[in-house]
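J.: For the record, the sequence lines run as chains A and B. Note that the first sequence covers residues 1 to 577 in our numbering. Note that the second sequence covers residues 1001 to 1376 in our numbering. The beta-carbon is built from N, C-alpha and C at its ideal position, and this holds for glycine as well.
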Amino acid sequence: MAFHTIEKTVPEQGREFALGVPVPGSGRRNRNLPFRRPGRAWGGLGMLRTVVWVAMAFLVGVPLAALVLQGIQPEARVVFGDPAVASAALNSVASATGSALLATVAGAFLAVVLERGNVPSKGMLRWLVLLPFLIPPFIGALAWMALLGANGPVNKSLQSLGIDAKLSIFGGWGVVFLLAVHSYPVAYLVIAAALRRIPGNLEEAARISGAGTARVLGTVTLPLLRPGLLAAFVLTLVANLSDFGIPALIGLPERYTTLTTLVYRYLASSTTSNPLPAVSAIGLVLLALAVLTVLAQRRLPTGTQLGSGPAGMELELGRARIPVAVLLWLWTAIICLVPLLALASQALLPAPGVALTWENLTLDNIIRASTSPGAVSGIGNSIMLAGGAALCCTVLGLGIALLLTRDKHRSNPALDVAATLPQALPGLVIAVGWLLIAPMLGIFNTSWVILGAYVMAFLALVVQAVRAPMASVSSTLEEAARSAGATPLRALLDVTARLAVPAAVTGGVVVLLTAVRELTISILLVAPGSQTLGVAIFNLQQSGDYGGASALALLVALVGILGLSATAALANRRADK
Amino acid sequence: MATIELTNLGHVYGNGHVGLDGIELDVRDGEFLALLGPSGSGKTTLLRTIAGFLRPSAGNLAIGGRSVAGDGVWLPPEKRELGMVFQDHAIWPHLNVAGNVGYPLKLEGVPRIQIARRVAAVLDQVGLSEYAKRKPAALSGGQRQRVALARAIVAKPQALLLDEALSALDEPLRARLRLELRALTREEGLTAVHVTHDRAEALGLADRVAVLNRGKIQQVGTPRELLENPVNAFVASFVSDATLFPGTVVDGHFHADHPGLRFRIGSDTHGNPAIRVIGERALAGARPRRAVAAVAPTGVRLEPAARKAPLDIQLARVTSALYGRHGYETSLDWAGTGLRVLVDGWVPKEGELVRPVVEMAHVFCGESGGGEGRAA
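#1: Is it right to say B/Leu1190 is buried, meaning 16 or more other beta carbons lie within 10 angstroms of its own, or is it exposed?
#2: For B/Trp1074, which three-state DSSP category applies?
#3: Closer than 6 Å by C-beta to B/Val1358: which residues in its own chain qualify, once you throw out the five before and the five after it? Chain order, please.
#4: From the beta carbon of A/Asp494, is the nearest beta carbon of chain B less than 9 Å away?
#5: Check whether the Cβ atoms of B/Leu1080 and B/Ile1063 sit closer than 9 Å, and answer yes or no.
#6: In chain order, which beta strand (DSSP E) runs of at least 3 residues are fully inside the region 58-91 of chain A?
#7: Would you mind stating whether A/Gly380 and A/Tyr454 have Cβ atoms separated by less than 9 Å?
#8: Mind checking which residues open and close the beta strand (DSSP E) that includes B/Thr1248?
#9: So, is the C-beta of A/Thr520 closer than 9 Å to a C-beta in chain B?
#10: Under 9 Å between the Cβ atoms of B/Pro1077 and A/Arg482?
#11: Between the region 1092-1115 of chain B and chain A, which residues of the former have CB atoms less than 8 Å from a CB of the latter, in chain order?
#12: How is the alpha helix (DSSP H) around B/Gln1125 delimited, first residue to last?
#13: Would you list, in chain order, the members of the region 498-517 of chain A that have their beta-carbon closer than 7 Å to a beta-carbon of chain B?
#14: Determine the closest residue to A/Gly174 out of A/Leu249, A/Val190, A/Leu101 and A/Thr261, with distance taken between C-alpha atoms.
#15: Taking just the CA atoms, how far does A/Ala165 sit from A/Leu343?
#16: Closer than 8 Å, Cβ to Cβ, to anything on chain B: give me those residues from the region 461-488 of chain A, in chain order.
#17: For A/Gly107, which option in A/Pro185, A/Ser157 and A/Pro120 has the closest C-alpha, if you only look at C-alpha atoms?
#18: Determine the closest residue to A/Phe538 out of A/Gly374, A/Gly507 and A/Thr405, with distance taken between C-alpha atoms.
#19: Check whether the region 404-422 of chain A touches the region 456-463 of chain A, taking contact to mean three or more Cβ pairs, one atom from each stretch, closer than 8 Å.
#20: Hey, does B/Phe1234 have any beta-carbon neighbour from chain A nearer than 9 Å?
#21: Under 6 Å Cβ to Cβ from B/Ala1069, same chain only, skipping five residues before and after it: list those, please.
#22: Quick one, which of B/Thr1330, B/Cys1365, B/Val1363 and B/Gln1143 has its alpha-carbon nearest B/Pro1356's?
#23: Would you check if the region 1231-1249 of chain B and the region 1043-1052 of chain B touch, i.e. whether three or more CB-CB distances between them fall below 8 Å?
#24: For A/Ala351 and A/Gly547, I'd like the C-alpha separation in whole angstroms.
#25: Can you check which of these residues, A/Arg116, A/Gln70, A/Met56 and A/Val51, is closest to A/Leu435 by C-alpha distance?
#26: Over what stretch of residues does the beta strand (DSSP E) that includes B/Cys1365 continue unbroken?
#27: If you draw a straight line from the C-alpha of B/Ala1335 to the C-alpha of B/His1258, how long is it?
#28: Report the neighbours of B/Pro1348 on chain A: residues whose CB is nearer than 7 Å to its CB, in chain order.
#29: Does the beta carbon of A/Ala65 sit closer than 9 Å to a beta carbon anywhere in chain B?
#30: Residues in its own chain within less than 7 Å of B/Leu1177 by CB, not counting five upstream and five downstream?
#31: Check whether the Cβ of A/Ala491 lies closer than 9 Å to any Cβ atom in chain B.
#32: Assuming B/Val1239 and B/Pro1297 are in contact, meaning their beta carbons sit under 8 Å apart, how far apart are those beta carbons, in whole angstroms?
#33: Whose C-beta lies closer than 8 Å to the C-beta of A/Leu252 among residues of the same chain, with five residues either side of it excluded?
#34: Going by CA-CA distance only, name the one from B/Leu1035, B/Val1347, B/Ala1293 and B/Ala1034 that's closest to B/Asp1241.
#35: Output yes if chain A places a C-beta closer than 9 Å to the C-beta of B/Ala1079; else output no.
#36: Please report the straight-line C-alpha distance between A/Gly485 and A/Arg406, rounded to a whole angstrom.
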């Protein structure tokens, strides 16, 4: 063993051991031995932390600060006197609240029935009810428009039956309904996860005490589920507040304007000379709302303190078993499958209203739309941007999750907020923030703005994907590496990071698949030459090319369904191993 | 292999809880030392301090004659050249068996061919030579613990630290691994520090045992010394399961607060001809002093009482009798005091009345026996 002679040059080190009694005789020898300052031992991690913080300040801090600074200017506040803004705000809050309530109720019902109930073919149903989650909301809107259009299959059937009533999806109720359809899967996932965390022995204890199935559900399960229900409500509320595609496609034709579509009109048209102050003020209000809901939710118990136990008991549906199963199959058929089929038929037919027969089916729309210059550049841009965002999010998210789970540091709570808050922010807020800082960074009207906004918006997906599996990795795995001779950074990289890479890649793939069909951020930040796939579809629809829009939308929907299902299946298989 | 010297070592947790207090301990070269104590006694804190996962707040720690903590010196765990086996084995799931075992050598920069050779040799030692390419998920609990052991000794560490290393295993397997561990450390001349709460394991496995309670070392000695000459009531009660009788020493006689127990220190008593009292510090004197008598289960003989005998304070009632390897582990209710007795040769029945005859006791003067009683 090499004994280096290092002079003890740092006098403060002695003071740390003020309690220690110096050992006579042995002191001289000890001083000639090598030592390391404890602070320097974590030097590698300190560097990682610095890099991560600089990136977060740039990605999250600067855009939000710019938004706040711009939004509190006096000329910005003028916007609140505008009756159009007031009515849009009212519409936004009303549609988001109503749809979030519907989604939470539907999600809770599905979670209880599909997680606990003895319904036949549960596995298939569990996947089918998630379909709207795999399709971007604006494509869902396109599908419902195809289904309930004036010449759509439903109204045609009604006509042929001699019923003189026309169903229409347009307007405020349509917005609420479609927002609910596209957010109930998230509510279902959140509530089902909370349901699985309730230890079965709590329910078994109620059972032993004499409560029947329904009573256990009402007196034990649902009360314990309350935090999960609230989390689902808040999550869907914020998501629906910020959606652009559904209010734009379904609300605007009936002059039902929400804050997002209003901002889009401000930015897209030249009616106002400088839209940025007004847009920032609206963004600031939404930011405040989102922060308040997140803070409120954080103060509530999360349910993680329940501990572990056996799986929850099965819910014996008895005679209701078959009716519930029929209801679920009708649900998946009407909500999940029929609109997709309508979209497919519109994509495969030469024009709306043409009879659906084998001879009339054609791939013309698909070929024409997917080879048009706008679509090609849109697909290219989207793949580049989504790939870039996925890469950045994977690397940065892995770093953040490592710091949060493995290095106790007083800046961790702040890092946690910085990494996860943007997920709760409406896309509108993120887009406006980047719109404001783009000129300062010299990236105005380029794809870089969209990339930055994507990374900010989707970073939390990776952080969350990595965090949970990493937190369950026993710390002794790293300690074993330390006593085998690894430095703290080496132990982190060799053990914990290696174990987390698969989860980080899964998170990255989810970012890729989410970003590739993103609309809200892209349409607010779009510039000549940086049109994304979502924007291309939206523009085709607005210009009246329903066949082309449906064709591209169908492709996006199928890629999303297959890609996300495959990713989830792979992640599950890994978790089982 | 090396010595481990702990000098006046102390550790205070962030919340003010005192984990270790004034620990003085020398682990000799090649010695197998067990740290024994009830949960919360500080034995794991002590081991983690030796390993370098905890920083002592006072005192000195030297491994192999080289100071690694204290007096302004701090050597992080990776520089201490130790091997450690964790209770949950801590085998890395993303590496195969050979990858796990070879990791310490890889960090030392040993050439790949030599790593392979050394890993093969160590796996052979722990009886896993055919499992080198297996993933940890395909191993049983005992095999994983063997991998952990191989990983801990592969780099020829200065000392081997075992943190409840066998506690997660089932009994027959545990006994076998215990023997293998002992043979391996002897063979390699390893200095080993083994944390356990299992008294039989500590006494059976270790050259010397350090008994800890409330962050302090109570006694360090060979298993025989601990059993025959415990230095205080806690050691007697924790190590030999002795029943403690608080009382008073007056003029060479011990008067328990319990009405049934009276004997003379240092000599035979009339009526109890076989009594042997080992009370080192129990000196004769007219002034009454508080003391505690520790009576081990093997230090009591039970005499059957007449079936219709009147219930007096000399008699005790059998509350339970559990059959064990060395006889019946019998619990008595002796006028309110629970007395544990090992009975060999006859079968005590629950509810039966017996007359306990204390044949051997340790008397500790100056102890109250209250707070220091059986904490386990």
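T.: Quick look at the numbers:
#1: The residue is buried, with at least 16 neighbouring Cβ atoms inside 10 Å.
#2: Here B/Trp1074 sits in strand by DSSP.
#3: For B/Val1358, where only same-chain residues beyond five positions count, the Cβ hits under 6 Å are Val1295 and Val1300.
#4: Chain B contact via Cβ: present.
#5: Residue identity differs from the one stated: residue 1080 of chain B is Arg in this sequence, not Leu. Yes, they are a contact pair.
#6: Scanning the region 58-91 of chain A for uninterrupted beta strand (DSSP E) segments of 3 residues or longer gives nothing; none is fully contained.
#7: Not closer than 9 Å, so no.
#8: That run of the beta strand (DSSP E) goes Thr1243 to Val1250.
#9: It does not; no Cβ of chain B falls within 9 Å.
#10: The answer is yes: Cβ separation under 9 Å.
#11: Within the region 1092-1115 of chain B, the residues whose Cβ lies closer than 8 Å to some Cβ of chain A are Trp1092, Pro1093, His1094, Tyr1103, Pro1104, Leu1107 and Glu1108, listed in chain order.
#12: In the DSSP assignment, B/Gln1125 falls within the alpha helix (DSSP H) that extends over Arg1112 to Gln1125.
#13: Only Arg498 and Leu499 from the region 498-517 of chain A bring a Cβ to less than 7 Å from some Cβ of chain B.
#14: Checked all of A/Leu249, A/Val190, A/Leu101 and A/Thr261; the closest Cα to A/Gly174 is A/Leu249.
#15: Approximately 22 Å between the Cα atoms of the pair.
#16: Along the region 461-488 of chain A, going in chain order, the ones with a CB nearer than 8 Å to a CB of chain B are Ser474, Thr476, Leu477, Glu479, Ala480, Ala481, Arg482, Ser483, Ala484, Gly485, Ala486, Thr487 and Pro488.
#17: Nearest of A/Pro185, A/Ser157 and A/Pro120 to A/Gly107, Cα basis: A/Pro185.
#18: Comparing alpha carbon positions, the residue from A/Gly374, A/Gly507 and A/Thr405 closest to A/Phe538 is A/Gly374.
#19: Yes, they touch.
#20: No - not a single Cβ of chain A is within 9 Å of the one on B/Phe1234.
#21: Hits under 6 Å: Pro1056 and Leu1061.
#22: B/Pro1356 has its Cα closest to that of B/Thr1330, out of B/Thr1330, B/Cys1365, B/Val1363 and B/Gln1143.
#23: Result no; under three Cβ-Cβ pairs closer than 8 Å.
#24: Each residue's alpha carbon lies about 7 Å from the other.
#25: When only C-alpha atoms are compared, the closest one is A/Gln70.
#26: Note, B/Cys1365: beta strand (DSSP E), Met1360 to Cys1365.
#27: The straight-line gap separating the alpha-carbon atoms of B/Ala1335 and B/His1258 is approximately 8 Å.
#28: Against chain A, a Cβ distance below 7 Å from B/Pro1348 picks out nothing, because the smallest value is about 37 Å.
#29: At a cut-off of 9 Å between beta-carbon atoms, A/Ala65 makes no contact with chain B.
#30: Once the five neighbours on either side are set aside, the close Cβ partners of B/Leu1177 are Gly1142, Gln1145, Leu1166 and Leu1169.
#31: Taking Cβ atoms only, chain B reaches closer than 9 Å to A/Ala491, which makes this a yes.
#32: That belief does not hold up - the Cβ atoms of B/Val1239 and B/Pro1297 are roughly 12 Å apart, past 8 Å.
#33: The residues are Thr261.
#34: Among B/Leu1035, B/Val1347, B/Ala1293 and B/Ala1034, the Cα nearest to that of B/Asp1241 is on B/Ala1293.
#35: The displayed chain sequence assigns Lys, not Ala, to residue 1079 of chain B. It does: the Cβ of B/Lys1079 has a partner Cβ on chain A nearer than 9 Å.
#36: Computed Cα separation, rounded: 18 Å.
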